[in-house]
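Protein chains in written order, with this note's numbering: chain G, 28 to 316; chain S, 28 to 316; chain C, 28 to 316; chain V, 28 to 316. Yeah, the Cβ is synthetic: ideal placement off N, Cα and C, and Gly gets one too. Computed from a prediction, not measured in an experiment: that's the story for all the values here.
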């Protein structure tokens, strides 16, 4: 049912490269800003100007996060900087624009914007590379095995649901601290020990590895004071994070704030997830690729 | 923090007996309608009249379902029938009444009613004995092992979340059919194959065991026509069920409608779940037991 | 590489029927003694005499156990009895004879005998239906779920290796009692609690379900005296079993001796295992089927 | 039953420190050669001469490997070198000597030698940190997740038995290549795909991560020629390893020879395993600690 589209990929990191390679199987793809990416497959055309890249494009695909400052594209593979005002100057207003965390400079200038970052497919899909990245860090940063260690996971969302069964399968002793009783009931059906947040303090002195997934200050001074000195805290929560880092540092606790794990530990997988998400979102809007 | 309460247990089945035994550890408990239940522990007082049973009671606990017809209590262990009008006649209006699926004859007559059936703790907790019961039936009713069999699970709710990981752990090839893309994304993070309902037809001819958890007609004539003749359908959905039973029977398909599994396959566990739920609900209302 | 063979199947139960159906895909198959087996597929020829059945046969396949008394074939699907002396009278001495637990009346009369019962493929393969059968019995016979129950497994062989991970996956608390320290070390790498046999006594009073896999008297008077009165013992060991049944019965303990589970709970799977084993054994002897 | 012993620990790495800390709970312990190990707990006495260290010692504990060259102890935490001839000069001949891979210079000089390296407890116990280390390397060195990747494991011994279920639990597609049919039958009971070594070639072109556990040249030129160019080979086999490294390098294949993982990724766990093994071996010889 899909028909060949003309797609322009601009900026982004290795994840975008991986996503776009998949589009290139069945579509005509040009790219810009991938200077330091030697291994592009033959069918993607490297362009030297933005004009050439977007010429006749049905869809423009940008990276994630698209542009942290709203002015210049995040483009770590590009030798020069790509300004959003240059994009708006050359791309027709009704072109479909796909990107992650699109800034208002883009959403206000184009009428067919798709922000793939917010989609559940991406968020849920990313839970797996995040969980694997968290496990990798735990293995790297502790002198003991996950097998037999006491792990605590704060929170009960997507990341916890990917992380907890993996820790259990590696034979850790896992306890989940969850606020809602329905979440606690769920974990018990999976054979996982649970406690409320107020009871987390009982387990912190004996916890070897504490994974936080809650983006709110849940590991504050009280929790840090009692946390096992030989343990490690791996904070997986996005900004502002869930740990009082400064106080923890002062107290000599080992804390790692592990952000953006999918792109760091598994860019190919993360790129595939972006691809799947964008295809689904395009199809939902009637654009078949 | 809890203080000794006077509790009256009336009617119900073995699950209620098990739940009430746990209350009897720290409370004063009387029972009525447990004639055919020889093994009650010493501290529960058997009464021969309703009046005696409920005298001074803080809490009256009834079974699940409390009374299918709204007139007589479900009391399979009782030699005579217990009428709701007899209860309302002898129990003070402000007594706490706990029961499952309380009929209006009760909720209209008492001002402190707690229906534990609707609570998430009970619903989620029951998913485990339901899943085990479904697996037991599959083992009993098929001449092959679950190991290596092709299983399909329709739906993505509590029961599916308890059933699917158990089937996978028994080395079945499991596919979940889920309507929502967020549910499908979730299952994929758990290493489970998924499809939409519209695609379920592709797998039905090769499915050995089909578990339905959706309480709506999802296995109709079309699905039954193509379903594997050597396979079996186990419907776990509450009334009206999810299978066109009549047509399926006519077509010679093997269909089992497995209702109320917790009470049938694991009444002790189901009683413990009722106990935990009732304690939590009482505490939430400020009644400490 | 395989070439069409002429195969005669005589006696046996449903497992043999299932095994032979698979041979019938690529070979010419006759059968005798399957009177009460309506569903044979078209290509298997039913014969009314032994002579007709074995005529020109390259291979004769018999059931498991072939003949408990050494005189008459085990043939539960047959209306009459089939005597071994009748077989030896009509089958040429150099015909390949495959059967399970072949009696000397056969091994002494034929020079190309293959006893598939002794083969590791069959023994190991059967561990799965045995483990599933044991789990089914535990589900049927206890009023609680396997989830959360305290299970003990005596022994560390094939059946234990299939049973223990399944119990763990169903969220039981499993302890394995193993005699050899290397076995105990193995189980610990799998996240399973272990103890020596002499320490098993410490756990018996708290064990809900005791699975024995050791064919020697390991559950004697001492063990039965202390075993949990609400628990159940499922003995999976072949004769003479591992439990002092008489004493256990006297003490009111619940004991189930579950023999020959593969044929009972999963004859189709058990038949597939026989087929795979016989094909491998034939190939090892240079007979390609 | 154990009585306090006088124990001297000499040389070794962090694993030995961890092992000895556990001995120090109930015994009198001196150490030598731990200069760069600041965190020894108070009860272990640091000595400045060998004489002082071994004075009155019942047991001398050495590291693993004790001494690769047979002349000088492996002592990475020591600023100077410790010669075996110095040990033999000051330790009475009938002192119990425990070490890993004891050289003949020691076994010929002392009559009560215990080589803990060869023991099954240590070998089997180490399979877990080896498996976790292998998984950590796979996560670090590949741009994709283990989830969904195609993994092949060559061999069927202790390491494979620890590694394979962990990979499966992380939702990899795992195939085990095993030589013996009994091993293949075992893996099938665990829901794992298997093949013989001769068939491994069929899967190599599609394998993302190849783990070798066989200490013999099983990944030679033929295998390397067809191995997936985007894949990685992690060789866990001890010397001489199982891969033709030179040819693989020439062919541009990514190969990691991961030796001695327990000490590298989990020295605390590895130390605990050494402790458990030494205690068991001492007890078996009648020395209670």
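Legend entry - Nearest to residue 107 of chain S (by Cα), restricted to the options S/60, S/213, S/81, S/128: S/60
Legend entry - Interface residues of the region 201-228 of chain G facing chain S [CB-CB below 8 Å]: 208, 209, 212, 213, 215, 216, 217
Legend entry - Beta-carbon proximity list for residue 46 of chain C, same chain, < 6 Å, skipping 5 on both sides: 298, 301, 302
Inset, instruction - For residue 268 of chain S, name the three-state secondary structure that DSSP assigns. - result: coil
Inset, instruction - Note the first and the last residue of the continuous alpha helix (DSSP H) segment covering residue 202 of chain V. - result: Careful: residue 202 of chain V lies outside any alpha helix (DSSP H), inside the beta strand (DSSP E) at 200-204.
Inset, instruction - To the nearest angstrom, report how far apart residue 122 of chain C and residue 133 of chain C are at their CA atoms. - result: 12 Å
Inset, instruction - Please confirm if residue 293 of chain S has its CB atom under 8 Å from at least one CB of chain G. - result: no
Legend entry - Check whether residue 102 of chain S and residue 38 of chain S have beta carbons under 8 Å apart: yes
Legend entry - Whole-angstrom C-beta distance between residue 304 of chain V and residue 148 of chain V, which should lie under 8 Å: 4 Å
Inset, instruction - Check the Cβ of residue 188 of chain G against every Cβ in chain S and list those closer than 9 Å, keeping chain order. - result: 213, 216, 217
Inset, instruction - Label residue 340 of chain S either buried or exposed according to how many other C-beta atoms from any shown protein chain fall within 10 Å of its C-beta, with 16 as the threshold for buried. - result: Nothing in the structure corresponds to residue 340 of chain S, since chain S is present only between 28 and 316.
Inset, instruction - Could you say which of C/160, C/169, C/177, C/165 lies nearest to residue 170 of chain S if we only look at CA atoms? - result: C/160
Inset, instruction - May I ask you to verify whether the region 173-187 of chain V touches the region 228-242 of chain V, counting CB pairs closer than 8 Å and requiring at least 3? - result: yes
Inset, instruction - Would you tell me roughly how many angstroms separate the C-alpha atoms of residue 249 of chain C and residue 32 of chain S, rounded to the nearest one? - result: 42 Å
Legend entry - Close Cβ partners of residue 245 of chain G (< 6 Å) along its chain, the five nearest in sequence each way excluded: 181, 269
Legend entry - Any chain C beta carbon closer than 8 Å to residue 176 of chain G: no
Inset, instruction - Have a look at the DSSP bridge pairing and note the partners of residue 59 of chain S. - result: S/37
Legend entry - Where residue 303 of chain V sits in the DSSP three-state scheme: helix
Legend entry - Cβ neighbours of residue 264 of chain G in the same chain (closer than 7 Å, five flanking residues each side left out): 239, 240, 241, 242
Inset, instruction - Just grab the DSSP bridge partners of residue 173 of chain V for me. - result: DSSP, once it has assigned bridges, lists no residue as partnering residue 173 of chain V.
Inset, instruction - Would you please verify whether the beta carbon of residue 281 of chain V is less than 8 Å from any beta carbon of chain G? - result: no
Inset, instruction - Taking only beta-carbon positions, decide if residue 198 of chain V is within less than 8 Å of chain S. - result: yes
Inset, instruction - Report yes if the CB atom of residue 220 of chain G is closer than 8 Å to the CB atom of residue 202 of chain G, and no otherwise. - result: yes
Inset, instruction - Note down, in chain order, each residue of its chain lying with its Cβ closer than 8 Å to the Cβ of residue 120 of chain V, except the 5 sequence neighbours on either side. - result: 136, 137, 138
Legend entry - Identity of the residue in S/153, S/36, S/55, S/48 nearest residue 30 of chain S by Cα: S/55
Legend entry - is_contact[residue 172 of chain G, chain A] using C-beta, thresh 8 Å: In the structure shown, chain A does not exist; the protein chains are G, S, C and V.
Inset, instruction - Could you confirm whether any beta carbon from chain S is found closer than 8 Å to the beta carbon of residue 130 of chain C? - result: no
Inset, instruction - Work out the CA separation of residue 167 of chain G and residue 291 of chain V for me, nearest whole Å. - result: 10 Å
Legend entry - Residues that residue 152 of chain G contacts on chain S, provided the C-beta gap is smaller than 8 Å: 212, 215, 216
Legend entry - residue 164 of chain G (DSSP reduced to helix, strand or coil): helix
Inset, instruction - Take residue 50 of chain G and list the residues in its own chain whose beta-carbon comes closer than 6 Å to its own, dropping the five residues that flank it on each side. - result: 34, 56
Legend entry - Separation of residue 275 of chain G from residue 255 of chain G, as counted between CA atoms: 12 Å
Legend entry - Beta-carbon proximity list for residue 143 of chain S, same chain, < 8 Å, skipping 5 on both sides: 91, 125, 126, 127, 149, 301, 304, 305, 308
Legend entry - Neighbourhood of residue 193 of chain S by C-beta distance below 7 Å, restricted to the same chain and skipping five residues each side: 158, 162
Legend entry - Rounded distance between the beta-carbons of residue 100 of chain V and residue 109 of chain V, thought under 8 Å: 4 Å
Inset, instruction - Return the chain-ordered list of same chain residues with a C-beta closer than 6 Å to the C-beta of residue 80 of chain S, the five sequence neighbours on each side being excluded. - result: 35, 57, 59, 74
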